[in-house]
Amino acid sequence: MVDNNPDGGQSQDQWVMEDKLSRIRQQVNSKLDNQKKLALILAAVEENIDEQGNVRSPVTYVVSFLSLLDQCITDDKIIDDSLATSTAYFLDLVFPFTPKSLLKSKFSQILTKLATPLTHPDADAPLVRSTIGAVETLLLAQDHQQWTSKGNVSPKRALIGLMELSFDPRPKVRKRAQESIHTVLSNPPPSPSPIHVAAPICADLSLQKLTSLLDMKKKDNNSSIIHILQLISSITSANSWPQSQIEPLCDSLLRISRTSDQYMVSSAFSAFVGLFESMSNDVDIDKFTNVLNVIFELKPAVNDTHLAAPWLAVIAKAIGAFSKLAPVLCLQKLHTVIPIVTSYLSSDSQDIYSSASQCLIAVITQAVPDDFILDPPAVSTTIYEAMDDFVAFLAKYIETEVLSIKYQAATKEILEFVTAVVTKLRSRCNPDFLNVMEIVGQWRTNETEEFPFNKEAEDFISVCISELGPEVCLSILPLNLTGSGGPGRAWLLPLLRDNVRNADLEFYKRQILPLSEFFEKKINESTNKESVNVKIFQTIVEQIWSLLPHFCDLPKDLSTSFDDTFAAQLSDLLYARVELRTFICNGLKNLVESNVAYLGGALSDDKLMQQNFPVHLAEEYLKHLSARASNLLSVLFNVFSSISPDSRGFVLETIDMYLQIVPKDELENTFNKVCGLFKNALDEEEQENSKDSGTKLSLTMMDLIVAMAKYLPESSHNALFSVFATTVSIKDPLVQKRSYRIISKLSETDEGKSSLVNFIGHIEKVIVESTEITEPSARGARLGAILAILELLPSTELHFIPSVLQEVIMSTKDNNERTRSLSYQILISMGKKMSNGGVIDQSQIPGFEAEEAEQEASLSDFFTMVSAGLAAQTPHMISATITAISCLMFEFKDSLAIDVLKEISSTIELFLTHNSREIAKAAIGFVKVEVLSLPEDVVRENLSELLAKLMRWSHEHKGHFKSKVKHIVERLIRKFGADAVEAAIPEDDKKLVVNIRKSRTRAKRKQEGGEETTEKPKETKKFVSAYEEALYNSDVSDDEDIQEFDANGDSKKRTNQYILESGDTPLDLLDRQTMARISSSRPKKFTKKDMERRNVPSKNGKLVFGEGDDIEDTLANKGSGVDAYLDAVKQAPIRGQRNKLKFKNKRQNEDDWSDDEPEVKKKPVTNARVSKPKKFKARKKL
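So, in structure tokens, the structure goes:
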């Protein structure tokens, strides 16, 4: 609402009002009478305002609509209900934009005019609702003085009227009144009191009405009581319930909670929740404590299915609100709250003990602030000791009471609660919760009793491993894998793998890793390597080593545990044990990655983590690893060289992590060694003329050079560019790929970008000169390098753009999706560079004379350069040029002048008449972009000529020309209307528009008729650019069926497939016989009734055949000998082409010779044609 500018408020608010009014003006031709009437009334009012020479402002609108409202009311009677409703609607709309000063000064007059529609018993609900909105805005504009004034026409009297309407039997009126009261009380006028001056009146009236209805004790009053409770919720949630009225409100709410009406009880608890939210600010804590005590006195019976669940929900909300107000007192209160709530876990109703569990989880989660679990000095000694007492109490209570047999029925819910406790209290659970963990661990370990909640028990143990650490957990629940005594707990290994983090690496080295040696010895001693025990031992060894990466995830003791001895041990295993390389490499990678991430701010919001593991430790650990990085890289390089290219990605990831932390001087030395090895390898391979590119050492060395590129110091960049210049001309696609990736990698760092800019002239020359010798498979990497150079290209080097433009244009037609995507990105980047301006030195462009003058760069000149390809001699180049222009026009349509757009469009449209299908296809794609992108006026002017050229291809079926043209025509119809398109289209093709019209009418008729259509969800197609999405993501016409096509273009219909499983043996997906268990029909498990039907009836112990009508005679339907002859004729071979014998397709050639057989359904006709029979295809692939 505005309170300045007497002409109607701030300009921004007036824009909002004008936007709302403009939407109503547009409904003047609406088919809905109410919308049309609003538009006509607004037009009449605005015409009257204009005739009087007034400005259309909120003030003039208010005056006009108030006078119009007066005409609808005579002698306190509404004479025109419809007009009054529309007028009140406009007043509700315009009041928020009216100056406050006007609403304050004219309060009495305005309220008097609104009183009749607000209070008249015959007023319709829409009229009352709009009037309530207007009164709400009027009340919000009044100041404290107005609210404290006394009189028959005052804001308080108006608010009392809204309260009366909040009990109205009409739901929408009642809801609008309650919302208005909430809004008014939530926005009190400036005054010394924090709550609204009218809040006591609202509380008194609602409480008096509630009490009087309760005293009547009539069941008919229940709905009225619920309405009052809804009003009380609106008042309390506005933080406007006075302190003096809290206790009587609680008494009334608790009184309602004892009733048997569940809706009343739920409404009472909603009012409680609003009351708690209103007291979450600065209030009397003793009052809140008293409210809590009163609520606990209301505790329902444990098996009360009606009240228990809502009461538990109120407790959870109350404790959450109390924790925000007084966290320390709330923590002390939990000593009594938890036992009370826990008693409901013994209920016979699953809903109740589930609600109790959720209540306990909410209490623990909300009542204990995250800061309370920190150690001093982060928290005070008082809080620390209070938390110690609470954790000790909670652990003892859970151990002795909650986990007892008394609550056995709620074991699953209890485990969920205990898991939530450990998740919340984290390391503060040590050592108090160790006994609890031991009990749950025994439940999980004792597999003879088939404990039904193993998953929940494992979830709890997993949280303990994560929060307390593996060393603590394994001290209580040891693995016992060597048979030294106690039950074995091999099931703990997967839990450790998934939950260990920030643990002691030394514990893994000392306690867990030696177990792998024990089992490896057992495997070596075994004579039968295929025995079950050996397989189990191998699995355990693998699981033990799978723990290494997780113990290396931010270890607490890295500087002491990861010493030279352990590093040497891992290095030896990398050489010797191929099967362990993945685990070891991931572990080495995690050592660096986790510390780098932590140092970079990961887990910065975890205060307990920051306290237990300061950030400076991560910095120290990285220095410790940096001192050993060079030796580890040497090992990793050797291992990388010994692995086949397809399987060494994980080693390269580890190398990349250590390249980030290795000292720069050592990295430079390593780079020089690798470059030397690379040169020697090239020389040797050149002498040997090796054609086996997969085993070349030079490729391995190039991979390492590319990996090191972005981490090298600037002093090594000169040598790096020499490697690039040398290798880019080698006629080996794999070498060329890696060579161009050097440029891409360098562009990822600031230091690399600086060097690229310094050497950019040399790099441009190398790229341009190597155009002809670039292998097709290296095109994508080359374009990536060109894009990196373009992004750094200074305005003085723009001659590089026309030098590589032809190659980029041709790449838009490449088969490789990544290459096409890069070519589009490069074209757009070139356009942006040219639009930024600069100078093009034409003498440096290949093919230009040395004395060529310089040219100013601009976007229009760039389009001219691209358009030069239209004069090419080959259809492929012309098609690629049209595709490039389409992409650029789609991107830069808003930056080009209309004349340029028209010229480009008219030029490309000429190619629609070309005889080459490739060129025409690209031109049709351009037309689609043109229709989508260009302004309507431009397309409309040229519509006749465009359609005349376009319709040439409307009868061409090859290459989907016909469907593409139809899609464009459909888009034109949606854009300009069917009449305009029909007038512009050639006479011979008007039937296409008629067909489209019929299809749209048919689809609309189906939709209006409510015919049920089951539509399959369409697959979301992914495109490499916004241009391709606009070009290819066509809307399929309404009358076309969507078919799915296989690789050969044949349409295919997907059928459901089912897997036949045996109840005794699990399905082995690696078994070749699995294919035999795949069925196209739903497998059916025979029931007892099915078996009874199949049983042959017996009589006196003898089998009886032929009795009963339900036993089918298998020969009854075979027919006579003539039928058998006809069957033989149908199945006999026939002479085909070249006089060869072939058998008829039984399903297709089974003629309907018999009159009494049912009619065979014909094949469906799709796309106006009968589908051809499909060829047989061998299904060799799974």
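Numbering (my numbering), first residue to last: -7 to 1174.
Glycine residues also receive a C-beta, built at the ideal position from the N, C-alpha and C atoms.
Quick caveat, the model's predicted, so the values are computed rather than measured.
Does the segment 299 to 312 come close enough to the segment 350 to 362 that 3 or more CB-CB pairs lie under 8 Å? yes
Between which two residues does the alpha helix (DSSP H) carrying residue 400 extend? No alpha helix (DSSP H) holds residue 400; DSSP gives it neither H nor E.
In whole angstroms, give me the CA-to-CA distance for residue 1093 and residue 441. With a pLDDT of only 45 at residue 1093, under 50, the local geometry of the prediction cannot be trusted, and the value read off the model is given with reservation. For residue 1093 and residue 441, the distance between alpha carbons rounds to 45 Å.
Using C-beta distances below 7 Å, list every residue in its chain close to residue 456, excluding the 5 sequence neighbours before and after it, in chain order. 414, 429, 465
What residues in its chain sit with their C-beta under 6 Å from that of residue 7, if we drop five residues either side in the sequence? Correct list: empty, nothing qualifies.
Kindly indicate which three-state DSSP category residue 69 falls into: helix, strand or coil? strand
Going by alpha carbons, who is nearest to residue 376 out of 423, 320, 749, 748? The alpha carbon of residue 376 has as its nearest neighbour, out of 423, 320, 749, 748, the alpha carbon of 320.
Name the residue from 777, 786, 835 whose alpha carbon lies nearest to the alpha carbon of residue 817. Checking every option, the nearest Cα to that of residue 817 belongs to 777.
Does DSSP classify residue 831 as helix, strand or coil? strand
Under 8 Å Cβ to Cβ from residue 384, same chain only, skipping five residues before and after it: list those, please. 424
Selection from 708, 669, 712, 703 that minimises the alpha carbon distance to residue 691: 669
How far does the beta strand (DSSP E) with residue 847 in it reach, from first residue to last? 846 to 848
Please report the distance separating the alpha-carbon of residue -5 from that of residue 91. Confidence in residue -5 is poor, its pLDDT being 46 and thus under 50, which makes the residue's placement unreliable; the coordinate value appears in the next sentence. Cα-Cα distance, rounded: 5 Å.
Is the beta carbon of residue 112 closer than 9 Å to that of residue 68? yes
With residue 543 and residue 497 assumed to form a contact (beta carbons below 8 Å), what rounded beta-carbon distance in angstroms separates them? 5 Å
What are the boundary residues of the alpha helix (DSSP H) that residue 627 is part of? 607 to 634
Kindly indicate which three-state DSSP category residue 1164 falls into: helix, strand or coil? Legend: pLDDT at residue 1164 = 44, less than 50; position of this residue unreliable, value from coordinates given subsequently. In this structure, residue 1164 counts as coil in the three-state DSSP scheme.
Which residue spans inside the segment 889 to 936 form an unbroken beta strand (DSSP E) run of at least 3? none
Compare the C-alpha of residue 1224 against each of 577, 842, 866, 794 and name the closest. Absent from the model: residue 1224. The displayed extent of the chain is -7 to 1174, so no value can be given.
Count the C-beta pairs between the segment 334 to 342 and the segment 558 to 575 that are closer than 8 Å, then say yes if the count reaches three, no if not. no
DSSP state of residue 9 mapped onto helix, strand, coil: helix
Going by DSSP in three states, residue 981 sits in which element: helix, strand or coil? helix
Starting from the Cα of residue 952, find the closest Cα among 917, 929, 116 and give me that residue. 917
Buried or exposed for residue 215, please, with buried defined as at least 16 other CB atoms from any protein chain shown within 10 angstroms of its CB. Looking at its Cβ environment, which holds fewer than 16 other Cβ atoms inside 10 Å, residue 215 is exposed.
Under a three-way DSSP split, which group does residue 703 fall into? coil
Residue closest to residue 315, alpha-carbon to alpha-carbon, out of 364, 289, 336: Among 364, 289, 336, the Cα nearest to that of residue 315 is on 364.
Alpha carbon of residue 647 to alpha carbon of residue 621, nearest angstrom: Spanning the two alpha carbons is a distance of roughly 9 Å.
Excluding the 5 residues flanking residue 727 on each side, which residues of the same chain have their C-beta closer than 8 Å to its C-beta? For residue 727, same chain residues with a beta-carbon under 8 Å away, outside a window of 5 residues either side, are 690, 691, 694, 719 in chain order.
Determine the direct distance from the alpha carbon of residue 460 to that of residue 433, and round the result to whole angstroms. If you take the alpha carbons of residue 433 and residue 460, they lie about 15 Å apart.
Have a look at residue 160 and residue 280 and give me their C-alpha separation to the nearest angstrom. 33 Å
Cutting at 6 Å between CB atoms, please list the residues of its own chain near residue 292, excluding the five before and the five after it. 299, 300, 303
In this structure, does DSSP put residue 189 in helix, strand or coil? coil
Check the C-beta distance from residue 819 over to residue 800 and give it rounded, since I have them as a contact under 8 Å. 6 Å
Select from 530, 679, 883, 462 the residue whose C-alpha is nearest the C-alpha of residue 547. 462
Does DSSP put residue 597 in a helix, in a strand, or in coil? coil
Give the straight-line distance between the Cα atoms of residue 402 and residue 332, rounded to the nearest whole angstrom. 16 Å
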